Amino acid sequence: MAVTTMAKALTAGLRKALENDDKVLLMGEDIGKLGGVFRVTDGLQKDFGEARVIDSPLAESGIMGTAVGLAMAGYRPVVEIQFDGFVYPAFDQIVSQIAKHRARSAGRTPMPITIRLPFGGGIGAVEHHSESPEAYFAHTAGLRVISPSNPVDAFVMVQQAIASDDPVVFLEPKRRYWDKADVDDTVDITRAQSPFTARVVRPGTTATLACYGPMVRTCLEAALAAESDGLDLEVIDLRSVSPLDIPTVAASVRKTGRLVVVHEASVFLGVGSELAARITEECFHSLEAPVLRVGGYHTPYPPSRLEEEYLPDLDRVLDAVDRSLAY
Amino acid sequence: MTADGGPELVQLLTPEGERVHHPDYDVDLTPDELRALYRDLVLVRRIDAEATALQRQGELGLWAQLLGQEAAQVGSGRALRTDDFAFPTYREHGVAWVRDVDPLQLLGLFRGVTNGGWDPHDHNFALYTIVIGDQCLHAVGYAMGIQRDGTDRAVITYFGDGATSQGDVNESFVFASVYNAPVVFFCQNNQWAISEPLERQTRIPLYKRAAGFGFPGVRVDGNDVLAVLAVTRAALQNAREGNGPTLIEAFTYRMGAHTTSDDPTRYRVAADLEAWKLKDPIERVKVYLARNGLADHDFFDAVEAESEVLAVGLREGCRSMPNPAPESLFDHVYAEAHPLIESEREEFVRYHASFAGGEH
């Protein structure tokens, strides 16, 4: 497909899913003629019709609840929630119904639903448009929660999420929608790496940075900057926060002895907390320093003029690396 | 709002067992079909009574009684075709009965041996839904699905008067309306949402809400099995023909408590209950059958005997229902293996195996 943005890679992935399985349906607000507020569904209604690319009433719980019924009727709904901060009206349907349905029915009514959720900050948006709600969903059994960090993964992972028989919360790092990469659209998704596993995106020996979604680029830039100080940082793109690929992180920490977890979400009870606990348990004797977390503060997401202070950046990541090395 | 449902109430069989005619709705049932409805009503009431008793004996953790709502459930349930799909609350034991769900499977949920109980696809009857109103959206989604399949199937969803205040129920009305989904909204207005009377949910008759969403609403005597059957059949037929949703308000009364944990003497007066006893859904059918020579003593005795056998089976089946295997708590959480579940399962098994041979 050549060089393309993450947003267009997602469009291409959705198009493939619609082409390959006529049970796949898209539903959301403004996803039809407009192509979604980020244009991720651009042109899909025109090509696949209003019965398969459905402009929904403006009601998030309604979108999520009808997706449950569509799944029970044998469809594979892909729903778009317009922004992270608008997912909460649908929280009950996600947590009480979608997540539990498979277990309650002893596997007889699976919920192959993909919940596309543009998330995270960094785009100068107004309130409720920059949040990182992944921990809520990762805390709920029955859901899978994944996030691509780049256009290549976005193209493959969105298709894998749709193909999964489990409900997947698919977090799209909206500040990376316009990042570009050379995307191979001939990839066979069944042979590609599982979206529920992590990947070492930069090998190193000094310390490990674990991150996902929008923070992968930030961490790669930090690792590059640290080179001039003689630091050789390993960067792991977790890709999935439920399940968490502990073995990949543990293998890295056994080598480097140090771990810094980076995410936009507030650190309190976040993905970093779980990783710190698990890595401490599994790699206690390999650790040269406590696991450190870099993330948002325990405040509401700030007005956009303050978001640069709130979001982890290259300097805050390297500061944490320094603190780890100073132990 | 009138306590008797007002002049708009569709009725085909009066509380006194008189067959009356309605300009818009009718049913033409054979004597066998009428007797079958009576049998359903009696057996469903018996299931409810036995389950209530089993809760009192400590065999069930809880039971949500349907006493008084037998006709609303049997009438609407019998209006369905086998291939139609029903979405219940947690009180639709009568609908479960007509969808051939083994009553013991209903007890399993309230005994605490399962959070589900039956295969929804075997019965075209979804699992009970406890969060109020969630299932109405599921029903509309299912209806949108069969609409895309191009079949003439239809969907029914049950909910109560309290649920009409929920956002999800109102959203389900919107979605059904704008997509013209083949769904029937069946509201059993039993006058009470635990302790709160209808006046805490609405200032207008519930069936009139449909007009605001752009589809028809009808109020039926929920204690009249014939009227419920006729009205529900018509609404389902309307849905099949591509004319979209209907809201049916079945005007009835919750004769029992909300659940076995509730104490209605704290919030309602005995006189109301006495008034509604005179509108009993079963007695009027019995009177009608007997007075018109459609059933004799032998028939009524046989139904009574059958209900006795059913009750014995429920008691024995409930008491001998095994607890689930402890390890099963990890089953079916995910379709594909999830490493956290797998490691926790291993840990759980290892922990329990550590007691092997000892007392614990």
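Protein chains in written order, with my numbering: chain A, 1 to 327; chain X, 1001 to 1360.
Idealized CB from N, CA, C, for every residue including glycine.
As the structure is a prediction and not an experimental result, all values here were calculated from the model.
Starting from residue i, trace the beta strand (DSSP E) in both directions and tell me its first and last residue.
i         : result
A/Leu259  : 259–266
X/Val1169 : Here X/Val1169 belongs to no beta strand (DSSP E); instead the alpha helix (DSSP H) covers 1167–1179.
X/Tyr1158 : 1155–1160
A/Pro118  : 114–119
A/Met157  : Note, A/Met157: premise wrong, no beta strand (DSSP E); alpha helix (DSSP H) at 151–163.
A/Leu224  : Per DSSP, A/Leu224 belongs to no beta strand (DSSP E); it is in the alpha helix (DSSP H), 215–227.
A/Thr172  : For the sequence presented, residue 172 of chain A should be read as Glu rather than Thr. Counting along the chain, the beta strand (DSSP E) containing A/Glu172 begins and ends at 168–173.
A/Val79   : 76–80
Looking at chain A, is there any beta carbon in it that lies within less than 7 Å of the beta carbon of residue i?
i         : result
X/Ala1335 : yes
X/Ile1156 : no
X/Phe1110 : no
X/Tyr1267 : no
X/Leu1340 : yes
X/Ile1362 : The structure shown does not extend to residue 1362 of chain X, since chain X is modelled only from 1001 to 1360, so the question has no answer here.
X/Asp1100 : no
X/Asp1048 : no
Against chain X, does residue i count as a neighbour if the rule is that its beta carbon must be under 7 Å from one of theirs?
i        : result
A/Leu34  : no
A/Leu70  : yes
A/Arg104 : yes
A/Tyr75  : yes
A/Ser252 : no
A/Thr66  : yes
A/Ala161 : no
A/Gly181 : Here residue 181 of chain A turns out to be Ala, not Gly, going by the sequence shown. No, its Cβ sits nowhere closer than 7 Å to a Cβ of chain X.
A/Ala17  : no
A/Ala277 : no
A/Pro203 : no
Can you pull the chain X neighbours of residue i, defined as C-beta to C-beta under 9 Å?
i        : result
A/Gln97  : Thr1129, Val1131, Asp1134, Gln1135, Leu1137, His1138
A/Tyr136 : Residues of chain X passing the Cβ test: none, with the nearest at roughly 17 Å.
A/Ser228 : The contacting residues do not exist; A/Ser228 stays about 38 Å from chain X at best.
A/Ser164 : Ala1335, Glu1336
In the DSSP assignment, find the alpha helix (DSSP H) that holds residue i and state where it starts and stops.
i         : result
A/Gly272  : 271–282
A/Leu25   : No alpha helix (DSSP H) contains A/Leu25, which is instead part of the beta strand (DSSP E) from 24–28.
X/Ser1343 : 1339–1353
A/Ile146  : Careful: A/Ile146 lies outside any alpha helix (DSSP H), inside the beta strand (DSSP E) at 144–146.
A/Leu318  : 314–325
X/Val1312 : 1297–1319
X/Pro1007 : Premise fails: X/Pro1007 is in no alpha helix (DSSP H) and is neither H nor E.
A/Phe137  : 134–138
A/Phe48   : 44–48
X/Phe1110 : 1103–1111
Which partner residues of residue i appear in the DSSP bridge assignment?
i         : result
A/Lys180  : A/Thr5
X/Arg1209 : Answer by DSSP bridge pairing: none, since X/Arg1209 is not bridged.
A/Thr208  : A/Glu234, A/Leu259
X/Trp1276 : According to DSSP, which records beta bridges pairwise, X/Trp1276 is partnered with nothing at all.
X/Asn1189 : X/Phe1251
A/Ile54   : A/Met27
X/Gly1362 : Lying before the first or after the last residue shown, residue 1362 of chain X is absent from chain X, which here runs from 1001 to 1360.
A/Ser105  : Paired residue(s): none; A/Ser105 is not in a bridge.
A/Gly296  : A/Ser266
A/Arg199  : A/Asp237
A/Glu307  : The partner list for A/Glu307 (beta bridge, DSSP) is empty, contrary to what the question assumes.
X/Val1184 : X/Ile1156, X/Thr1246
X/Ala1086 : X/Phe1125, X/Ile1156
Taking residue i as the query, report the chain A residues whose CB atoms sit under 8 Å from its CB, ordered along the chain.
i         : result
X/Asn1389 : This structure cannot settle anything about residue 1389 of chain X, because the visible part of chain X is limited to 1001 through 1360.
X/Tyr1142 : Gly69, Leu70, Met72, Ala73
At a CB-CB cut-off below 8 Å, which residues of chain X make contact with residue i?
i        : result
A/Gly142 : Val1333, Tyr1334
A/Gln93  : Asp1134, Leu1137, Asp1168
A/Ser61  : Leu1137, Gly1167, Asp1168, Glu1171
A/Ala51  : Arg1148
Give me the chain A residues within the contact set of residue i, using Cβ-Cβ distance strictly less than 7 Å, ordered along the chain.
i         : result
X/Tyr1351 : What X/Tyr1351 touches in chain A: nothing, since even the nearest Cβ is about 16 Å away.
X/His1121 : Arg108
Run down chain X in chain order and give the residues with a C-beta less than 7 Å from the C-beta of residue i.
i        : result
A/Pro57  : Val1174, Phe1175, Val1178
A/Pro243 : His1338, Pro1339, Leu1340
Looking at chain C, is there any beta carbon in it that lies within less than 7 Å of the beta carbon of residue i?
i        : result
A/Val201 : Although the question refers to chain C, the structure presented lacks it and instead comprises the protein chains A and X.
Worksheet entry | Chain-ordered residues of the region 108–121 of chain A with a beta carbon less than 7 Å from chain X | Under the 7 Å Cβ criterion, the region 108–121 of chain A contributes Arg108, Thr109, Pro110.
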